[in-house]
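Peer 1: Just dropping this structure here.
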Amino acid sequence: MQVSRPLSAGMRDTSPHGRVHGVSAFCMTSTCSTIMRSDLIAPSSQQDITGKSGEYMYYPIVRKALFQLDPERAHELTFSQLRRITGTPLEFLIRQSVPSKPVSCMGLSFSNPLGLAAGLDKDGECIDAFGAMGFGFVEVGTVTPRPQAGNDKPRLFRLVPAEGLINRMGFNNHGVDNLVENVKKSHFGGVLGINIGKNKDTPVEQGKDDYLICMDKVYPYAGYIAINISSPNTPGLRSLQYGEALDDLLAAIKNKQAQLQARHHKYVPVAVKIAPDLSEEELIQIADSLVRHNIDGVIATNTTLDRKLVQGLNYCDQAGGLSGRPVQLRSTEVIRRLSQELQGRLPIIGVGGIDSLTAAREKMEAGATLVQIYSGFIFHGPRLIKDIVTHI
1 MQVSRPLSAG MRDTSPHGRV HGVSAFCMTS TCSTIMRSDL IAPSSQQDIT
51 GKSGEYMYYP IVRKALFQLD PERAHELTFS QLRRITGTPL EFLIRQSVPS
101 KPVSCMGLSF SNPLGLAAGL DKDGECIDAF GAMGFGFVEV GTVTPRPQAG
151 NDKPRLFRLV PAEGLINRMG FNNHGVDNLV ENVKKSHFGG VLGINIGKNK
201 DTPVEQGKDD YLICMDKVYP YAGYIAINIS SPNTPGLRSL QYGEALDDLL
251 AAIKNKQAQL QARHHKYVPV AVKIAPDLSE EELIQIADSL VRHNIDGVIA
301 TNTTLDRKLV QGLNYCDQAG GLSGRPVQLR STEVIRRLSQ ELQGRLPIIG
351 VGGIDSLTAA REKMEAGATL VQIYSGFIFH GPRLIKDIVT HI
């Protein structure tokens, strides 16, 4: 099978990993059916859900091939294959059946409490593919009003021993209009979240205008809208989490939400995504602002700037946000404290280092109504979805 994004005409791949591209594509497609289809595995092998045996035993083959590539190249390759087979007879390769575990949150009905976190499918290119894998909801983005290239490469790094990722992508995306067109083509029957942010060259003082532009365009197509004010990779963005800047932004968003509700005759809830790097006082103030402005939900948490748990590892000193297992405990603690402050007045979507059923349960026990995965999905594969949904 050929990769659907070939090198430009006249160019040859002379990189040391050039031959691996085809191997990765082959592994990705030829083993996906075994990864996904539990009916191809002996029943006795399905009892272990730790990732050490059973259906997980095949994902390391795919991962090993992909991890020989630059992280962004691996991402592009995977997405090209997902687009290639979605909507064709080959879609059975990625489709897996998960039990229904209905959850009501923010006035919406979710088929199960596990979602894909924002950042993986920034432009909404593979919504149906992720839906086929069993996610109860998919959050696309972060998307901005205008297309932007993001930060210079390299900007994505694997910390394999810690099962972590460091990224300084910088909201690279093709713009909100492109996202909307992709969403229109989707047949996903679950809840679709659309995560929005500001362009890098928009002054922070005018940042709320970018959020309002995006809200106006995505509102008719979103199940919920996520307001990303916590990425560490857009200069000044996190300042919108505090004090008057936060109150001003939330007031404008709620006003726009009311206008759009009247225009479209439907209510689309709004959730705010916060950082893990908050002091006790900052967390209390944010919780108070969310309640006062009647925000519908909060997503906790984004990536961290803290490197204490990854000291000494390759790439640990790279700038950017750290995700995956190293942020697991901190994000759970933020959820716990947030839950204590909110007292059930608005729901929490928990995200940050979920790499197992146990980690997902810990987030929910701390106060999350829904949970999301991203880095854990990269390191453990699609079977993690079924394990969590089945046993949560």
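With full-length UniProt numbering, the residue at position 256 of the sequence shown is 256, and numbering never jumps.
Each residue gets a CB set at the ideal place from its N, CA and C atoms; glycine is no exception.
Skipping 5 residues on each side, what residues in its chain have a beta carbon closer than 7 Å to that of residue 336?
Peer 2: Answer for residue 336: 366 and 367, listed in chain order.
Peer 1: Measure from the alpha carbon of residue 97 to the alpha carbon of each residue in 105, 112 and 350, then state which is nearest.
Peer 2: It is 112.
Peer 1: Distance, Cα to Cα, residue 81 vs residue 206?
Peer 2: When rounded, the distance between both Cα atoms is 39 Å.
Peer 1: With a cut-off of 8 Å, do at least 3 Cβ pairs link the region 130-140 to the region 148-160?
Peer 2: No, the region 130-140 does not touch the region 148-160.
Peer 1: For the alpha helix (DSSP H) that contains residue 358, what are its first and last residues?
Peer 2: 357-366 is the span of the alpha helix (DSSP H), which, as asked, contains residue 358.
Peer 1: Go ahead and label residue 99 buried or exposed: buried means 16 or more other beta carbons lie within 10 angstroms of its beta carbon, across all protein chains shown.
Peer 2: It is exposed - the Cβ of residue 99 has fewer than 16 other Cβ atoms within 10 Å.
Peer 1: Should residue 358 be labelled buried (16 or more other beta-carbon atoms within 10 Å of its own) or exposed?
Peer 2: Residue 358 should be labelled exposed.
Peer 1: Is residue 164 helix, strand or coil when you go by DSSP?
Peer 2: Three-state DSSP puts residue 164 in a strand.
Peer 1: As an exercise, report each continuous beta strand (DSSP E) stretch of at least 3 residues that is fully enclosed by the region 316-385, in chain order.
Peer 2: Qualifying beta strand (DSSP E) stretches, in chain order: 321-324, 348-351 and 370-373.
Peer 1: What does the alpha-carbon distance come out to for the pair residue 236 and residue 200?
Peer 2: When rounded, the distance between both Cα atoms is 9 Å.
Peer 1: Look at the Cβ atom of residue 219, then the Cβ atom of residue 225, and state whether they are nearer than 9 Å.
Peer 2: Going by C-beta atoms, residue 219 is nearer than 9 Å to residue 225.
Peer 1: For residue 149, which residues in the same chain have their Cβ closer than 7 Å to its Cβ, ignoring the five residues on either side in sequence?
Peer 2: Contacts found: 172.
Peer 1: Could you please give me the residues that DSSP links to residue 148 through a beta bridge?
Peer 2: Looking at the DSSP assignment, residue 148 forms a beta bridge with 173.
Peer 1: At what residues does the beta strand (DSSP E) containing residue 105 begin and finish?
Peer 2: It spans 103-105 - the beta strand (DSSP E) in which residue 105 sits, taken as one unbroken run.
Peer 1: Please confirm whether residue 374 and residue 159 have their CB atoms less than 9 Å apart.
Peer 2: No, the Cβ-Cβ distance between residue 374 and residue 159 is not below 9 Å.
Peer 1: Could you give the uninterrupted runs of the alpha helix (DSSP H) lying entirely in the region 273-316, keeping only those of 4 residues or more?
Peer 2: Counting whole runs of 4 or more residues, the region 273-316 contains the alpha helix (DSSP H) stretches 280-292.
Peer 1: Do residue 297 and residue 271 have their beta-carbon atoms positioned less than 9 Å apart in this structure?
Peer 2: Yes, Cβ-Cβ distance for residue 271 and residue 297 is below 9 Å.
Peer 1: Please list, in chain order, all residues of the same chain as residue 379 whose beta carbon is under 6 Å from its beta carbon, the five residues on each side excluded.
Peer 2: Only 163 meet the Cβ criterion.
Peer 1: Use the C-beta contact count for residue 328: other C-beta atoms within 10 angstroms, 16 or more gives buried, fewer gives exposed.
Peer 2: Buried is the call here.
Peer 1: Going by the CB atoms, is the gap between residue 141 and residue 119 shorter than 9 Å?
Peer 2: Taking 9 Å as the Cβ cut-off, residue 119 and residue 141 qualify as a contacting pair.
Peer 1: For residue 275, tell me which candidate among 283, 268 and 269 has the shortest Cα-Cα distance.
Peer 2: Comparing Cα positions, the closest option is 283.
Peer 1: Exposed or buried, which one is residue 222 when buried takes at least 16 other CB atoms within 10 Å?
Peer 2: It counts as buried.
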